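> One structure follows; several queries about it will come next.
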Amino acid sequence: MPLAWPLILSAVLFGIGVYGVLARRHAVLVLIGVEMMLAAVTLDLVAFDAWWGEPSHSGQVLSLFVIALAAAEIGLGLAIVLALYRATGTADVDDVPARERR
Amino acid sequence: MIDWSDVVAPLVVAGGGILALLLDAFGTRRSWRRSGIVSFLALVAALVVLLSPSRPDGLQQALGVLVVGGTLLVVLAAAVMEHEDSMPPGELHFLLLVSASGGLSMVLARDLATLVVSLELLSLPSIALVGLRRGDVDAARGAWTFFVVSVVSTAVTLLGIAFVYGVSGTLVYDELALRLSASRAPAEVVGAAVVLTVVGLLFKLGAVPLHLWVPGTYRGASVPVAAYLSVVSKAGAAGALVLLLPDAFGLQGESWRPVVAVAAALTLVVGNLGAWVQDDVVGLLAWSSIAQAGFVLAPMAVLTTPGVASAPIRYLAVYALANLVAFGVVGLVRRRWGGTSMAHVAGLVRVEPWTGSALVLALLTLAGFPPAVIGLVAKYVVLEPLLDPRFGTPYAWLAVVVALNVVVGLVYYLRLVAVVVGPVGPRLAGSTVSPSPPRAVVVARTAVLVPAAALVVTSVQPDLLLSWIP
Amino acid sequence: MSAVEVVFLVLAAVCVFSGLQAVTCDRLVHAALWFVLTLGSLAGTFLLLAAELLAWVQVLVYLGSVVVLLVFALMLTRAPTGSGSATFTRNRWLAAVIGTATSVGLGVLGWAGFGGQEIVSPTVGSPEVIGQVLFTEWVLPFEILSLVLLAALVGAIALSTGQRTVGDSGAADGDR
Amino acid sequence: MSAVVAAVLLPLLVGGGLVLSGGRVPGRVAALAGAATTVVSAALVVAAWAASGRGEVAGEVDAAWIEAIGARWHLGVDGISFPFVLMTLLLGLLCCVSLVDHAPAGDGPPSALVGLVLVVVGAALGVFSSLDLLLFFVFFELALVPMWFVVARWGDGEGRSRAATRFLVFTVTGSALMLAGFITVGRLAGSLQLTDIAVLRVLVTGPVGMFAAVTILLGLAVKTPVWPLHTWLPDAHGSAPTVGSVLLAGVFLKLGTYGLLRVWLAVVPQQAEVLAPALATFAVVGIVWSALACLRQTDLKRLVAFSSVGHMGFVVLAVASASPLGVSAAVLGSVAHGVVTGLLFFVAGALRRRYGATSWEALGRGLWLRTPRTAGVLAFAAIASLGLPGLAVFWGELLTLRALYEVGPVLGRPLAWTLLAVAALGVVLTSAYVAALLRRVLQGVPTPDDRDGELAGSDVPVVAVLVAATVVLGVAPGLVLGVVEPDLLAVLGGVR
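Taken in order, these protein sequences are the chains called A, B, C and D.
Residues in the first sequence are numbered from 218 upward in steps of one, following my numbering.
Residues in the second sequence are numbered from 369 upward in steps of one, following my numbering.
Residues in the third sequence are numbered from 3 upward in steps of one, following my numbering.
Residues in the fourth sequence are numbered from 52 upward in steps of one, following my numbering.
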């Protein structure tokens with residue numbers, strides 16, 4: 218299989234994730250966008266690992282770490298969403314998160 | 369491959385954090401004393417381990433001491449929050465220490481996997497720390513903003529790392545240095561991979577353009593946590609960059625150097641302009657800490673050999689001391705007089721001569737102005753590599769930008785100094801509103817006066833600080 | 003074109019389609035379910051790329067727990083789940099431009115760097131192989147990772163329990 | 052510890068202590084203590100000077116300081132700096148004496164004002180005796196913040212805070228660039244020691260050297276100030292309290308002229324030769340411009356402030372000639388300006404205390420008849436300022452013009468003589484505004500005012516000393532020239 222295929226799939230997924238982060242208003246959907254970006258990175262790592270075929274499998278190991286990190290992030294992220302919901306009564310975040318407050 | 373003696377310090381810190389959490393959870397009454405003392409002891413133990421003479425690499429050692437020492441002072445300064453019911457002491461100390469152990473392992477990392485995992489260990493608990501003021505809208509918003517920016521920047525770094533792995537087939541710094549330049553992929557692709565990796569780390573440092581999380585997050589967080597973010601978190605990110613850039617990406621300088629230089633210049637200008645219009649002390653310190661990150665970044669633009677790497681770290685050390693003093697004083701004021709506006713510090717020198725003078729000294733250090741000679745020397749140290757003719761001074765323009773931003777910084781810092789030494793405002797004239805017991809105030813005051821004394825001593829004899837960072 | 007390549011292309015098509023649905027559909031719960039499909043098809047491509055262990059981890063961790071968490075969070079925030087419940091920010095079109103540009107940029111980067119390369123008979127990343135390297139070469143980050151998970155757990159618990167209103171005791175309104 | 056180091060640190064420590072005492076020391080006691088401090092410092096410097104031979108550096112100390120960046124604790128006084136040091140201490144002493152009776156009201160205790168004055172004096176002494184570039188810079192900046200407080204807290208009028216901040220921003224911008232220049236020089240020459248760079252003629256070359264020369268020149272030109280970078284000066288001098296104006300004009304501007312000699316002409320001589328014609332041209336424009344601006348002033352303090360730009364123009368012109376005569380003229384001109392302008396500001400301060408302002412309307416007419424002695428001193432100072440032979444300023448300006456006439460190694464003949472002609476025009480215009488001042492304020496039909504009164508209290512000794520100094524410098528300029536001459540090479544060592 219050409220190496221470029223998974224790379225391009227990953228590029229498309231990453232872009233979809235970026236769109237999700239920027240365009241979605243509900244915090245949980247923003248989280249889904251972030252997860253999509255991380256999944257794209259995982260695919261890249263797996264593809265490169267298969268291509269290099271080096272014995273220490275750096276790519277697959279790092280993807281494993283990424284999946285675990287993503288799980289940790291999502292756990293914390295959901296807790297913040299709940300705190301936000303309790304404090305404000307909504308889980309919608311304003312346009313771009315960074316622009317939210319000065 | 370792993371030198372396990374390196375891991376002792378982060379292990380001690382993390383272990384102390386877990387112990388603090390358990391002691392607090394199983395104690396009958398929630399008290400700062402129990403978890404606070406455990407954290408204090410663990411951090412002191414880690415300092416002892418780090419300072420033991422057997423450790424070889426001076427730069428890593430210095431960064432480690434910066435991270436642990438900074439956390440130690442934050443733990444002491446946080447004592448002032450005793451009896452603040454929305455702040456659970458066990459969780460606070462646990463998260464602080466675990467995050468600090470992340471900062472430590474980030475500095476010790478010799479491969480990209482360890483780097484990125486440590487980065488998350490530094491970030492995730494500090495995000496939780498920001499949101500820890502329970503039931504507070506600002507805290508939740510600050511935490512969310514911080515979270516999204518942090519996670520996205522991690523994703524970008526990971527993307528960069530994936531491509532770096534793709535072109536080189538390894539994640540280990542020493543091998544990267546050899547394999548990146550021998551890569552079969554075009555140089556542009558290698559450069560892009562390196563830049564993506566660096567950009568993610570720049571976000572973490574609070575560099576422009578992704579700096580906008582800083583003010584909201586600092587103001588949403590409690591003051592000691594803001595101090596932690598501005599000092600320890602930054603030290604971790606800057607330390608990782610300083611080790612990563614020359615060690616792993618040393619031969620790819622043409623790709624990342626302009627990025628770092630432009631980011632440094634923008635960070636300086638935007639941070640200073642933001643600070644200029646603030647009328648809240650925490651807001652001012654938040655924006656100015658963005659600008660200060662620019663000073664740390666600037667010399668990285670000419671980072672070639674590990675020898676030059678000392679400039680950002682030396683600056684960072686001075687900045688850390690001064691910023692911890694400033695945030696420590698503001699934390700005290702907020703707890704005792706209930707706010708952080710300019711009016712809350714008007715005439716502080718006359719009400720609290722010692723802490724007030726410490727704040728003045730810290731602000732002058734951040735501005736880089738005598739009598740705080742150490743602040744001036746720090747600016748010198750940052751400018752020096754940019755103007756070194758050995759590198760042909762391609763970044764003399766950056767040196768001019770840095771110099772002019774010293775001026776802008778001086779004006780707003782001095783404006784605050786004038787308020788602090790001016791007539792006593794109505795806020796300070798009133799009685800304190802603090803529920804903090806006197807003992808906690810004494811501890812927090814110590815956490816201010818010790819680094820302030822260090823600033824005085826190093827102003828007289830800057831070599832005490834400089835020679836210690838190789 | 004080999005069978006593997008055909009399967010990959012099918013999975014890729016499913017993956018992209020469901021991914022687009024996940025970020026564009028107008029119902030909250032549907033978005034989460036489309037996301038499940040994205041991750042599932044992605045796990046399939048992992049298998050094709052010989053990352054056996056990783057594929058199963060992906061299925062277990064993501065499909066087994068993360069998505070459940072997401073759905074729980076949607077329910078806890080009492081979000082409306084009907085049509086039109088998933089709204090967009092005002093800068094939707096700008097976001098679309100940035101997302102497309104990112105995709106194109108990364109695609110060009112991948113093509114320019116690795117255009118003619120072929121993946122030939124990769125060694126299978128079975129649990130034994132990965133476990134072996136994980137516990138020899140990658141112990142340190144693995145240990146740090148466990149600490150990250152613990153910290154995230156404690157942080158999440160600390161953030162979501164013990165709801166108390168600010169204002170009791172002396173930390174009155176002034177404590178801002 | 053060397054006597055010079057003690058002389059520098061003593062005012063800094065006493066001043067710092069007074070500032071930190073927070074008003075627990077009564078103002079008069081503080082002022083007397085300040086005066087005593089400057090006397091002790093002066094005694095220390097003079098003793099060190101007397102103990103060393105001519106052409107040597109008196110009281111030299113060269114100790115390790117910041118090894119990490121090659122900066123050393125290197126201080127000493129030679130023939131170039133000695134006149135500056137003595138003038139600073141004299142003005143510092145007189146400021147303290149004047150504060151015994153006439154401390155201005157401000158946002159703070161009088162003792163703090165005395166403390167700030169002492170810190171400024173100590174910092175200036177540090178600048179004049181530093182032989183290390185970084186140390187020079189530290190003292191250069193150290194004087195700024197206290198000065199800012201003096202103007203912003205004890206100044207007159209509404210705009211004092213803005214004037215103070217503008218003064219700060221201008222000078223700090225200049226000095227930030229200057230720091231970049233210093234670092235460049237340090238990297239190029241491999242040393243920060245003025246003695247190494249200037250005397251051992253470690254030459255700084257290339258485009259990087261030019262970058263250093265230009266940035267250093269900019270920093271010093273703002274401080275001096277050289278036209279057109281002077282715009283901070285009139286407001287700052289005009290709104291400062293009397294002691295602030297005296298220190299700004301007498302001491303602060305001299306940091307710039309001294310720096311031009313010591314760390315510009317001596318450190319980057321090759322580039323200085325290239326830049327000198329432009330610098331000289333700006334200086335001459337400044338002379339004429341300041342005289343024209345003075346003609347339009349209607350306020351004594353602002354008039355004196357504007358006239359400083361012209362006087363400094365002569366000093367800069369002398370520096371730009373880069374000849375032995377020019378250097379002597381620059382030192383003499385700086386000292387004379389400090390004494391005469393100090394005198395003018397003290398008189399203006401006394402008038403302001405009495406009439407609440409120093410504008411022509413506030414002062415009224417016919418001061419000759421209303422308060423003859425005060426008017427006499429004012430007339431004496433004004434005439435000294437225009438360069439009457441036999442009084443202090445005359446020699447500095449004459450030697451400058453002569454240096455141009457003789458054509459030094461740097462400025463070519465056509466340019467030098469053109470500049471000479473224009474500068475002479477400036478002298479004529481100066482006489483015009485001094486005459487206008489005398490006619491407007493001193494002469495005319497007296498407009499008696501019940502606030503009329505002669506100089507009193509500690510003003511009397513202050514004015515007397517300055518009048519005497521003006522005469523002495525005018526009669527015996529050799530006192531200064533003889534001190535400067537043996538050390539001319541320290542400045543001109545690198546000039547062809």
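Positions of the beta carbon are idealized from the N, C-alpha and C atoms, including for glycine.
Keep in mind the model is a prediction, meaning the values are calculated, not measured.
List the whole-angstrom C-beta distance separating ALA371/D from ALA541/D, where the pair is believed to meet the contact cut-off of C-beta under 8 Å.
Residue numbering aside, residue 371/D sits at position 320 when the fourth sequence is read from its first letter. Residue numbering aside, residue 541/D sits at position 490 when the fourth sequence is read from its first letter. No, ALA371/D and ALA541/D are not in contact; Cβ-Cβ is about 18 Å, not under 8 Å.
> For the stretch 134 to 160 of chain C, enumerate the residues whose C-beta is nearer than 9 Å to any C-beta of chain B, in chain order.
Cβ contacts with chain B come from THR138, GLU139, TRP140, VAL141, LEU142, PRO143, PHE144, GLU145, ILE146, LEU147, LEU149, VAL150, LEU152, ALA153, ALA154, VAL156, GLY157, ALA158, ILE159 and ALA160.
> Confirm, please, whether the CB-CB distance from LYS305/D to SER385/D is below 7 Å.
The residue labelled residue 385/D in the question sits at position 334 within the fourth sequence. The residue labelled residue 305/D in the question sits at position 254 within the fourth sequence. Yes, Cβ-Cβ distance for SER385/D and LYS305/D is below 7 Å.
> To the nearest angstrom, how far is the alpha carbon of VAL380/B from that of GLY432/B?
Here the question's residue 380/B lines up with position 12 in the second sequence. Here the question's residue 432/B lines up with position 64 in the second sequence. VAL380/B and GLY432/B: Cα-Cα distance of roughly 13 Å.
> For a contact meaning CB atoms closer than 7 Å, what does THR235/D contact in chain B?
Residue numbering aside, residue 235/D sits at position 184 when the fourth sequence is read from its first letter. Under the 7 Å cutoff, chain B gives LEU755.
> With a Cβ-Cβ cutoff of 7 Å, do ALA263/D and VAL236/D count as a contact?
The residue you call residue 263/D lines up with position 212 of the fourth sequence. The residue you call residue 236/D lines up with position 185 of the fourth sequence. Cβ distance < 7 Å, so ALA263/D and VAL236/D count as in contact.
> Report, in whole angstroms, the separation of the C-beta atoms of LEU56/C and SER280/A, which I expect to be a contact under 8 Å.
Locating residue 56/C in the third sequence gives position 54, counting from the first residue. Locating residue 280/A in the first sequence gives position 63, counting from the first residue. Confirmed, about 6 Å.
> Could you check whether THR275/D and ALA231/D sit closer than 7 Å to each other, using their CB atoms as the reference points?
By 1-based counting over the fourth sequence, the position of residue 231/D is 180. By 1-based counting over the fourth sequence, the position of residue 275/D is 224. Going by C-beta atoms, ALA231/D is not nearer than 7 Å to THR275/D.
> Provide the residue(s) that pair with PHE90/C in DSSP beta bridges, ordered along the chain.
As a first step, residue 90/C is located in the third sequence; it is residue number 88 there, counting from the start. DSSP output for PHE90/C lists ARG241/A as bridge partner(s).
> Where does VAL801/B fall in DSSP's three states?
Residue 801/B sits at position 433 when you count from the first residue of the second sequence. Here VAL801/B sits in coil by DSSP.
> Could you work out which residues of chain B lie near TRP269/A, taking near to mean beta carbons separated by less than 7 Å?
Translated into the one-based positions of the first sequence, residue 269/A becomes position 52. The contacting residues are GLY537.
> I need the DSSP call for ARG478/B, collapsed to helix, strand or coil.
Looking up residue 478/B in the second sequence gives position 110. Three-state result, ARG478/B: coil.
> Determine the direct distance from the alpha carbon of LEU312/D to that of LEU60/D, and round the result to whole angstroms.
Taking the fourth sequence and counting its residues from 1, the one referred to as residue 60/D is at position 9. Taking the fourth sequence and counting its residues from 1, the one referred to as residue 312/D is at position 261. So the two alpha carbons sit approximately 24 Å from each other.
> So, is the C-beta of SER473/B closer than 7 Å to a C-beta in chain C?
Position 105 of the second sequence holds residue 473/B. So, interface residue.
> Let me see if you follow: with CB-CB separation under 7 Å, is SER105/C close to chain A or not?
Mapped onto the third sequence, residue 105/C falls at position 103. Yes, contact with chain A.
> Is the CB-CB distance between VAL492/D and LEU414/D below 7 Å?
As a first step, residue 492/D is located in the fourth sequence; it is residue number 441 there, counting from the start. As a first step, residue 414/D is located in the fourth sequence; it is residue number 363 there, counting from the start. Yes, Cβ-Cβ distance for VAL492/D and LEU414/D is below 7 Å.
> Within a Cβ cutoff of 6 Å, which residues of the same chain sit near ASP510/D, ignoring the five residues on either side of it in sequence?
The sequence position of residue 510/D within the fourth sequence is 459, counting from 1. Excluding residues within five positions, the ones whose Cβ falls inside 6 Å are ALA401.
> Return yes when the C-beta of PRO626/B is under 6 Å from any heavy atom of the ligand NAP, and no when it is not.
With respect to the ligand NAP, the structure shown offers nothing to examine, as it has no ligands at all.
> With 16 other CB atoms within 10 Å as the buried threshold, where does SER799/B fall?
For the purposes of this step, residue 799/B is taken as residue 431 along the second sequence, with counting starting at 1. Label assigned to SER799/B: exposed.
> Any residues in the stretch 499 to 517 of chain B with a beta carbon nearer than 9 Å to a beta carbon of chain C? Which ones, in chain order?
Those residues of the stretch 499 to 517 of chain B that come within reach of chain C (Cβ to Cβ, closer than 9 Å) are GLY499, LEU500, ARG501, ARG502, GLY503, ASP504, ASP506, ALA508 and ALA511.
> Note down the Cα distance separating LEU394/D from VAL325/D, rounded to an integer number of angstroms.
Position 343 of the fourth sequence holds residue 394/D. Position 274 of the fourth sequence holds residue 325/D. Taking the straight line from one Cα to the other gives about 37 Å.
> Going by CA-CA distance only, name the one from ALA267/A, ALA264/A, LEU260/A and VAL298/A that's closest to ILE284/A.
Mapped onto the first sequence, residue 284/A falls at position 67. Closest option to ILE284/A, Cα to Cα, is LEU260/A.
> Can you check whether the C-beta of GLY109/C is within less than 7 Å of a C-beta belonging to chain B?
Looking up residue 109/C in the third sequence gives position 107. So no, GLY109/C is outside the interface.
> Given a limit of 7 Å on CB to CB distance, which residues of the stretch 317 to 339 of chain D reach chain B?
Flagged: no residues at all.
> Could you tell me whether any Cβ in chain A is nearer than 7 Å to the Cβ of ALA561/B?
Position 193 of the second sequence holds residue 561/B. Taking Cβ atoms only, chain A never reaches closer than 7 Å to ALA561/B, which makes this a no.
> Three-state secondary structure (DSSP) at TRP315/D?
Along the fourth sequence, read from residue 1 onward, the residue named residue 315/D stands at position 264. In this structure, TRP315/D counts as helix in the three-state DSSP scheme.
> Answer with buried or exposed for ALA399/D, where buried requires no fewer than 16 other C-beta atoms within 10 angstroms of its C-beta.
Taking the fourth sequence and counting its residues from 1, the one referred to as residue 399/D is at position 348. The residue is buried, with at least 16 neighbouring Cβ atoms inside 10 Å.
> Would you mind giving the Cβ-Cβ distance between MET218/A and GLU7/C, rounded to the nearest angstrom? I have them listed as a contact below 8 Å.
Here the question's residue 218/A lines up with position 1 in the first sequence. Here the question's residue 7/C lines up with position 5 in the third sequence. Contact flag correct, Cβ pair sits at about 5 Å.
> Which first and last residues belong to the alpha helix (DSSP H) in which HIS362/D is found?
What you label residue 362/D is simply residue 311 of the fourth sequence in a count that begins at 1. Its alpha helix (DSSP H) spans residues 351 to 372.
> Do you know offhand how far SER105/C's Cα is from ARG242/A's?
Along the third sequence, one-based indexing puts residue 105/C at 103. Along the first sequence, one-based indexing puts residue 242/A at 25. When rounded, the distance between both Cα atoms is 22 Å.
> What is the rounded straight-line gap between the Cα of ASP286/D and the Cα of GLY270/D?
Stepping through the fourth sequence from its first residue, residue 286/D is reached at position 235. Stepping through the fourth sequence from its first residue, residue 270/D is reached at position 219. In a straight line, the C-alpha of ASP286/D is about 19 Å away from that of GLY270/D.
> So who's on the other strand from LEU671/B, going by DSSP bridges?
As a position in the second sequence, residue 671/B is number 303, starting the count at 1. LEU671/B is not bridged to any residue.
> Could you spell out the range, first to last residue, of the alpha helix (DSSP H) harbouring LEU126/D?
The sequence position of residue 126/D within the fourth sequence is 75, counting from 1. Counting along the chain, LEU126/D falls outside any alpha helix (DSSP H), though it belongs to the beta strand (DSSP E) covering 122 to 128.
> Taking Cβ to Cβ, would you say GLY276/A is nearer than 7 Å to LEU262/A?
For the purposes of this step, residue 276/A is identified with residue 59 of the first sequence, where counting begins at 1. For the purposes of this step, residue 262/A is identified with residue 45 of the first sequence, where counting begins at 1. Yes, these two residues count as a Cβ contact at 7 Å.
> Is the Cβ-Cβ distance between ILE234/D and LEU834/B less than 7 Å?
The count along the fourth sequence starts at 1 and reaches residue 234/D at position 183. The count along the second sequence starts at 1 and reaches residue 834/B at position 466. Taking 7 Å as the Cβ cut-off, ILE234/D and LEU834/B do not qualify as a contacting pair.
> Would you list the residues sitting across from SER181/D in a DSSP beta bridge?
In the fourth sequence, residue 181/D corresponds to position 130, counting from 1. Answer is LEU126/D.
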